[in-house]
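S.K.: Residue numbers (numbering that gives the first Met the number 0), protein chains in the order written: chain W, 0 to 374; chain X, 0 to 206.
We put the CB at the ideal spot given by N, CA and C, even for glycine.
Values in this document were obtained by computation on a predicted structure and should not be read as measured data.
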Amino acid sequence: MVSTGQIRSLLQGYAIALLSVSLVFAATLLLQRFFPYPFLFLFFGAVMASGWFGGIGPGLVSVVLSTLLVDYFFVPPFHSFAVSASAVAYFVAFVACALIAGWVGASKRKNVAALKHGLDMLEVRVSERSAELMKTQAELAHLSQVLSMGELTASIAHEINQPLTAVVTHGHACVEWLSANPPNLEKTRQTIERIIQDGTRAGAVLSRIRALFKKEAPAKDWFDMNEVIHELTVFLRDEAVRRHISIRTDLVPGLSKVKADRVQLQQVVLNLMMNGMDAVAEMTGRPKELVLSAREQDAELLVRVEDSGIGLDAETSEKIFHPFFTTKPHGIGMGLSISRSIIEAHEGHLWAVPRPSGGAIFQFTLPIQPRESDA
Amino acid sequence: MPESPPTIFVVDDDASVRDAISNLLESVGLAAQAFPSTEDFCNAPRPDAPSCLVLDVRLPGVNGLDFQEFLEKSGISIPIIFITAHGDVPMTSRAMKAGAVEFLMKPFQKEDLLAAIHQGLERDRIWREEHAQISSLRDRFEQLSSREREVMDLVVSGLINKQIGAQLGLSEVTVKIHRGRVMQKMQAASLADLVRMSDKLKPRARR
Numbered sequence: 000m001v002s003t004g005q006i007r008s009l010l011q012g013y014a015i016a017l018l019s020v021s022l023v024f025a026a027t028l029l030l031q032r033f034f035p036y037p038f039l040f041l042f043f044g045a046v047m048a049s050g051w052f053g054g055i056g057p058g059l060v061s062v063v064l065s066t067l068l069v070d071y072f073f074v075p076p077f078h079s080f081a082v083s084a085s086a087v088a089y090f091v092a093f094v095a096c097a098l099i100a101g102w103v104g105a106s107k108r109k110n111v112a113a114l115k116h117g118l119d120m121l122e123v124r125v126s127e128r129s130a131e132l133m134k135t136q137a138e139l140a141h142l143s144q145v146l147s148m149g150e151l152t153a154s155i156a157h158e159i160n161q162p163l164t165a166v167v168t169h170g171h172a173c174v175e176w177l178s179a180n181p182p183n184l185e186k187t188r189q190t191i192e193r194i195i196q197d198g199t200r201a202g203a204v205l206s207r208i209r210a211l212f213k214k215e216a217p218a219k220d221w222f223d224m225n226e227v228i229h230e231l232t233v234f235l236r237d238e239a240v241r242r243h244i245s246i247r248t249d250l251v252p253g254l255s256k257v258k259a260d261r262v263q264l265q266q267v268v269l270n271l272m273m274n275g276m277d278a279v280a281e282m283t284g285r286p287k288e289l290v291l292s293a294r295e296q297d298a299e300l301l302v303r304v305e306d307s308g309i310g311l312d313a314e315t316s317e318k319i320f321h322p323f324f325t326t327k328p329h330g331i332g333m334g335l336s337i338s339r340s341i342i343e344a345h346e347g348h349l350w351a352v353p354r355p356s357g358g359a360i361f362q363f364t365l366p367i368q369p370r371e372s373d374a
Numbered sequence: 000m001p002e003s004p005p006t007i008f009v010v011d012d013d014a015s016v017r018d019a020i021s022n023l024l025e026s027v028g029l030a031a032q033a034f035p036s037t038e039d040f041c042n043a044p045r046p047d048a049p050s051c052l053v054l055d056v057r058l059p060g061v062n063g064l065d066f067q068e069f070l071e072k073s074g075i076s077i078p079i080i081f082i083t084a085h086g087d088v089p090m091t092s093r094a095m096k097a098g099a100v101e102f103l104m105k106p107f108q109k110e111d112l113l114a115a116i117h118q119g120l121e122r123d124r125i126w127r128e129e130h131a132q133i134s135s136l137r138d139r140f141e142q143l144s145s146r147e148r149e150v151m152d153l154v155v156s157g158l159i160n161k162q163i164g165a166q167l168g169l170s171e172v173t174v175k176i177h178r179g180r181v182m183q184k185m186q187a188a189s190l191a192d193l194v195r196m197s198d199k200l201k202p203r204a205r206r
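(1) I need the DSSP call for residue 196 of chain X, collapsed to helix, strand or coil.
(2) Residues of chain X with CB closer than 7 Å to the CB of residue 197 of chain W, please, in chain order.
(3) In the DSSP assignment, what residue or residues form a beta bridge with residue 247 of chain W?
(4) Does residue 74 of chain W come out as helix, strand or coil in the three-state DSSP assignment?
(5) Under a Cβ-count criterion, where at least 16 other Cβ atoms within 10 Å of its own Cβ denotes burial, should residue 50 of chain X be classed as buried or exposed?
(6) Keeping to the same chain, check which residues put their C-beta closer than 7 Å to that of residue 21 of chain X; ignore five residues upstream and five downstream.
(7) If you draw a straight line from the alpha carbon of residue 307 of chain W to that of residue 278 of chain W, how long is it in whole angstroms?
(8) For a quick check, are the C-beta atoms of residue 257 of chain W and residue 222 of chain W less than 8 Å apart?
(9) Is the stretch 87 to 97 of chain W touching the stretch 118 to 137 of chain W in the sense that three or more CB pairs, one from each, lie closer than 8 Å?
(10) Taking the alpha-carbon of residue 26 of chain W as reference, which of W:65, W:52, W:341 and W:58 has the nearest alpha-carbon?
(11) Should residue 108 of chain X be labelled buried (16 or more other beta-carbon atoms within 10 Å of its own) or exposed?
(12) For the stretch 240 to 253 of chain W and the stretch 308 to 316 of chain W, state whether three or more C-beta atom pairs, one from each stretch, are separated by less than 8 Å.
(13) Would DSSP call residue 173 of chain X helix, strand or coil?
(14) Just to check my reading of the structure: residue 362 of chain W and residue 268 of chain W have Cβ atoms closer than 8 Å, yes? What is that Cβ distance to the nearest angstrom?
(15) Between the alpha carbons of residue 356 of chain W and residue 285 of chain W, how many angstroms are there, rounded?
(16) Under 8 Å, do residue 42 of chain W and residue 69 of chain W count as touching if we go by C-beta distance?
(17) Determine, using beta carbons only, whether residue 80 of chain X and residue 53 of chain X come nearer to each other than 8 Å.
(18) Using DSSP with H/G/I as helix, E/B as strand and the rest coil, what is residue 95 of chain X?
(19) Considering residue 352 of chain W, what are the terminal residues of the beta strand (DSSP E) in which it resides?
(20) Can you tell me whether DSSP reads residue 299 of chain W as helix, strand or coil?
(21) Is the beta carbon of residue 195 of chain W closer than 8 Å to that of residue 173 of chain W?
(22) State the CB to CB distance for the pair residue 4 of chain W and residue 46 of chain W, rounded to an integer number of angstroms; the pair is presumed to be in contact (CB under 8 Å).
(23) By the three-class DSSP mapping on this structure, what secondary structure does residue 281 of chain W have?
(24) Among the residues of its own chain, which have a CB less than 8 Å from the CB of residue 193 of chain X, if the five just before and after it don't count?
(25) In the DSSP assignment, the alpha helix (DSSP H) including residue 5 of chain W goes from what residue to what residue?
(26) So what's residue 365 of chain W in DSSP terms, helix, strand or just coil?
(27) Taking 8 Å as the limit between beta carbons, can you name the residues of its chain near residue 354 of chain W, skipping five residues before and five after?
(28) To which residues of the same chain is residue 352 of chain W closer than 6 Å at the C-beta, ignoring the five residues directly before and after it?
(29) What residues from chain X crowd round residue 193 of chain W, counting only those whose CB sits closer than 9 Å?
(30) Taking the alpha carbon of residue 47 of chain X as the reference point, which residue from X:172, X:130 and X:13 has its own alpha carbon closest?
(31) If you measure beta-carbon to beta-carbon, which residues of the stretch 25 to 36 of chain X are closer than 7 Å to chain W?
(32) Anything in the stretch 155 to 183 of chain W with a Cβ closer than 7 Å to a Cβ of chain X? List those residues in chain order, please.
(33) Under 8 Å, with one C-beta from each stretch per pair, do the stretch 11 to 28 of chain X and the stretch 153 to 173 of chain W reach the 3-pair mark?
(34) Return the CA-CA distance between residue 102 of chain X and residue 147 of chain X, expressed in angstroms with no decimal places.
(35) Less than 8 Å between the beta carbons of residue 57 of chain X and residue 37 of chain X, yes or no?
(36) At what residue ranges does the stretch 35 to 71 of chain X contain a whole run of the beta strand (DSSP E), taking only runs of 3 or more?
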């Protein structure tokens, strides 16, 4: 298929051939007055230029034109297409040189074109690959979030369920031992002892989990919340672009530092941001945006994640923090409940309010160190 | 044939669950043998008695469902009752399609487990009976000469003596003699009986 662009460049090639040969012809005519012999070398330049810019076709056209002009005007007998016997060798040499010049020009052009095509292909491939990479990265970010919570709940369920199964099964056995005739009291006693053991074990599992979220906050460090927010916006930028969501930040420079587990707080903010992005995903008619802000207020740091999404009603805005409550088709309903546990373990609060301009605001507070003792 | 008491095998990596199931089975008068892993179960000798296997899905090293497949491939047939803390529909349907008796969620109720175990034992009993019958049939079939086997094949495919004779290049009388011997050796009371036996002798997949 030939596109209009191709036709245009083809015509351009022939125009260049005509133009350059005409120019050279004029120049040669002019130069003839100053030299005792015809100055034909310029024609090779015109042929080469035509081959270079127009390719093989225009190159050949300029060869033919040059040959005709040279034959008619500069090869004896002049003003005739005939070639005198003495000038044959000279004329043939001219034509051969013109052909070679045309061929060199055209092949040069072909090489350059091939190179350019190769470069273009490379660029396309690089951009395709990097788009794939970005997509993978975003999926990974999402997946690791979902997976860690999914695995957590599955392992909690399993850890609790095993001793619970043992308790229930032993209980059934106990009833059987007691209903035997006569009742087997020794077996009953043994079974009850095992029930006590298994119940204690289930309790131990629970307190381990509680320790995971509440007491254990070992990696508390001083850091700037602005940095965390900035890092996460960079981290999620590609995912946001992919989903046509704009992420804005409204940060006050020189915020007081907070003492907290940086990784845990990163997870909280990441979770709030992912939620926000999910909430705006189905929005139409309003710009899809996420606004992150952090400021100091009443000796506390207030971090807000606002989205222009579907929003919350008063009832769900509390329910969403309950474990296993979810509004997402593939959600587990643990993200916000874990996030709240983390914030409360840092003596802060996490809550949600409707956004006046539509959407929702998730915000949390953290106690901050007074500025003077900031060390 | 006097039957030995049935045995229930339990494989669960959690000692307290294993213990509890054994205790429950013992309390209702069933003999149980519990193992922490499928390997231990495979290495233990199995008594010649009806049995079934109570198998945890999540086991260290091997998945219970994969082990079910492994048993099937190894030609070890034992009815399986799966127990799991976190089963889902695909898991359940895979297990049931592969012939599991029941798929129980932990914690399970006594009635459900015992009903499944009785069903499993019944299934094994029937299978063992069938199996014994087939092996005795196979013994009888082994006693046939190769000519007699050829004749038996053609007889059960519905040919009359004349046709069999023509096909094997024998006289009708000779076919008749062979046929009589087949009936005698196989202890078949009638032609219909012989057809049924030949049907059972054909190798087939066990359900």
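M.R.: Looking at the atomic coordinates:
(1) helix
(2) 15
(3) W:290
(4) Three-state DSSP puts residue 74 of chain W in coil, outside helix and strand.
(5) buried
(6) 9, 31 and 33
(7) 8 Å
(8) yes
(9) no
(10) Of the listed residues, the one whose Cα sits closest to residue 26 of chain W is W:65.
(11) exposed
(12) no
(13) helix
(14) The Cβ separation is near 11 Å, so there is no contact.
(15) 10 Å
(16) Cβ distance < 8 Å, so residue 42 of chain W and residue 69 of chain W count as in contact.
(17) yes
(18) helix
(19) 348 to 353
(20) Residue 299 of chain W falls in the strand class under three-state DSSP.
(21) For residue 173 of chain W and residue 195 of chain W, no; Cβs fall outside 8 Å.
(22) Actually they are not in contact, since the Cβ atoms of residue 4 of chain W and residue 46 of chain W sit about 25 Å apart, beyond 8 Å.
(23) coil
(24) Taken in chain order, the residues that qualify are 151, 154, 155, 181, 182, 185 and 187.
(25) 3 to 30
(26) strand
(27) 305, 306, 307, 310 and 360
(28) Taken in chain order, the residues that qualify are 360.
(29) 15, 18, 19 and 22
(30) X:130
(31) 26 and 27
(32) Within the stretch 155 to 183 of chain W, the qualifying residues are 156, 157, 160, 161, 162, 163, 164, 165, 167, 168, 169, 171, 172, 175 and 176.
(33) The stretch 11 to 28 of chain X is in contact with the stretch 153 to 173 of chain W.
(34) In this structure, the straight-line span from the alpha carbon of residue 102 of chain X to that of residue 147 of chain X is close to 48 Å.
(35) no
(36) 50 to 55
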